[in-house]
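The next block holds one structure in the form of structure tokens; read it before the comments.
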Amino acid sequence: MDDLKAKYLGLIAAASDEAALEDLRVQAIGKKGEISLMMRELGRMSPEERQMAGPALNALKDEITSALAAKKAALADAALDERLRGEWLDVTLPARNRRQGTIHPISQVTEEVTAIFAEMGFSVAEGPRIDSDWYNFDALNIPGHHPARAEMDTFYMARAAGDDRAPNVLRTHTSPVQIRAMEKMGAPLRVICPGGVYRADYDQTHTPMFHQVEGLALDRDISMANLKWVLEEFVKAYFEVDHVDLRFRASHFPFTEPSAEVDIRCSWEGGTLKVGEGDDWLEILGSGMVHPKVIAAGGIDPEVYQGFAFGMGIDRIAMLKYGIPDLRAFFDSDLRWLRHYGFAALDMPNLHGGLSR
Ligand code: PHE
């Protein structure tokens, strides 16, 4: 028995993991374990022998059981120590003060625009970037044969073979959200709809994916004068100046009547873009009084309600405000560009605290 005790206590002490311990338990005190088998022999002993061997075997079994438990606890402690050593972290180290990520100018400008229009009572509406040609065109008074469809350089989605419904499109403007907002909220209505739009076009001021913000205000007595005031207020607040030169040019959109395009005075001298000076004009938005057919397509009675709408290029006004000369860089994901033109994550734009400071 002393040999057995020495053998098992030695093996237990040397065991390196829980599986090895379990093997030892089975070997020693499992059903067919060495010590269990000896206990079974007790029955064949004389009463005197049994009185000696019984308690000794029981004591041995207890000793091995507690040695197993103690070793198991020791192994678990060692594992925890090891883990704590590996996961150690000095929370007293100074935080990294070098800003790594930045807010992209498009996100920043979207927040700025939203803050300004929120102040004027506009809420934010959204729609899908892949839309039906009904929302993108027909509902906006652009029927199938209309030249505006070709002018927009539309990206069409593919349909499955044999599916001859009109293909969906990557929306070419945010105007389809006008229809969705009217359907969902009815009139009176004041919304802006920011988001990505797509056209097959590529040069210094055009990329195949860019961003617009749509504005729509419907009520019982809205006129072109309201549109002009809202846009002037917006432009002054956005550029954080008391005066900017805007040019309203008579124009044509199928979904507005009358229509106006709005340009902003700027200069490109020396390759840098400056707002408010120079002899160049950069178009920033299209606008007009919503066509009655469009109001009707949105499920609202055009005899009762009328209003204005505009669609503005977010990327354009970001370039103008922050002096970014090439639109294509917006989408290059060049970390150096992002560090230069990006914004700190915790500066939420608002009119009272300053939009971009
Ligand atoms: N959807 C037009 C465009 O993308 C802009 C626009 C919106 C014009 C609303 C008038 C009214 O060019």
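Numbering (my numbering), first residue to last: 919 to 1275. No residue lacks a Cβ here, since even glycine has one placed at the ideal position from N, Cα and C. Note that the structure is a prediction, hence the values are computed from the model and not measured.
Check, Outcome
"Could you pull out every unbroken alpha helix (DSSP H) segment of at least 4 residues lying fully inside the segment 1055–1091, listed in chain order?", "1065–1069"
"To the nearest angstrom, report how far apart D1219 and S1041 are at their CA atoms.", "22 angstroms"
"Please identify the residue among A1033, W1255 and D1252 whose C-alpha is closest to the C-alpha of C1111.", "A1033"
"At a cut-off of 7 angstroms, would you count E1132 as near the ligand PHE, judging by its Cβ distance to the nearest heavy atom?", "yes"
"Please classify V1087 as buried or exposed, where buried requires at least 16 other C-beta atoms within 10 Å of its C-beta.", "buried"
"For F1035, report the span of its beta strand (DSSP E) as first-last.", "Taken as a continuous stretch (DSSP letters only), F1035 belongs to no beta strand (DSSP E), being part of the alpha helix (DSSP H) at P1023 to E1037."
"Classify P1173 as helix, strand or coil using the three-state DSSP reduction.", "Note that residue 1173 corresponds to Phe in the displayed sequence, not to Pro. Three-state result, F1173: coil."
"Only counting runs of 4 or more residues, tell me where the alpha helix (DSSP H) segments fall wholly within the segment 926–984, in order along the chain.", "936–947 and 952–959"
"By Cβ distance, which residues of its chain are closer than 7 angstroms to L1191, with the 5 residues on each side in sequence left out?", "C1184, M1237, L1238, G1241 and P1243"
"When the distance is taken between beta carbons, is T1072 closer than 8 angstroms to V1131?", "no"
"In or out: S964 buried (at least 16 other Cβ within 10 Å) or exposed?", "exposed"
"If we call anything under 8 angstroms between Cβ atoms a contact, is Y1116 one with R1089?", "yes"
"Please confirm whether I1202 and V1027 have their CB atoms less than 8 angstroms apart.", "no"
"Taking only heavy atoms of the ligand PHE into account, decide whether any of them is closer than 7 angstroms to the Cβ of S1177.", "yes"
"Going straight from the alpha carbon of T1010 to that of R1003, what length do you get?", "17 angstroms"
"Are the CB atoms of A924 and K989 nearer to each other than 8 angstroms?", "no"
"CB of H1270 to nearest heavy atom of the ligand PHE: below 7 angstroms?", "no"
"Opposite K1199 in the DSSP bridges: which residues?", "First, the amino acid is wrong: residue 1199 is Trp here, not Lys. BP columns for W1199 point to R1183."
"So, does the segment 954–961 touch the segment 971–986, judging by three or more C-beta pairs under 8 angstroms?", "yes"
"Less than 8 angstroms between the C-beta atoms of R943 and L1007, yes or no?", "no"
"Could you check whether the Cβ of L1215 sits closer than 7 angstroms to any heavy atom belonging to the ligand PHE?", "The question names Leu, but residue 1215 is Ala in the sequence shown. False, no ligand heavy atom lies under 7 angstroms from that Cβ."
"Just the Cα atoms here: how many angstroms apart are D1181 and Y1156?", "15 angstroms"
"Does DSSP classify F1228 as helix, strand or coil?", "strand"
"Shorter than 7 angstroms, the distance from the beta carbon of G1188 to the closest heavy atom of the ligand PHE, or not?", "no"
"Give a single yes or no on whether T1174 has its beta carbon closer than 7 angstroms to a heavy atom of the ligand PHE.", "yes"
"Please determine if the segment 1167–1182 and the segment 1203–1217 are in contact, where contact requires at least 3 C-beta pairs separated by less than 8 angstroms.", "yes"
"Does the beta-carbon of Y926 have 16 or more other beta-carbons within 10 angstroms, so that it is buried, or is it exposed?", "buried"
"Please name the residue or residues paired with G1204 in a DSSP beta bridge.", "E1179 and G1229"
"Return yes when the C-beta of F1228 is under 7 angstroms from any heavy atom of the ligand PHE, and no when it is not.", "yes"
"Should H1091 be counted as a contact of the ligand PHE given a C-beta to heavy atom distance under 7 angstroms?", "yes"
"Checking the sheet assignment: what are the DSSP bridge partners for K1192?", "S1185"
"What distance in whole Å lies between the Cβ atoms of Q945 and E952, which are believed to be in contact at a cut-off of 8 angstroms?", "6 angstroms"
"Just the Cα atoms here: how many angstroms apart are I1213 and Q1224?", "8 angstroms"
"Which full runs of the beta strand (DSSP E) of 3+ residues lie inside the segment 1115–1162, going along the chain?", "1127–1137"
"M1075 to P1085, Cα distance in whole Å?", "6 angstroms"
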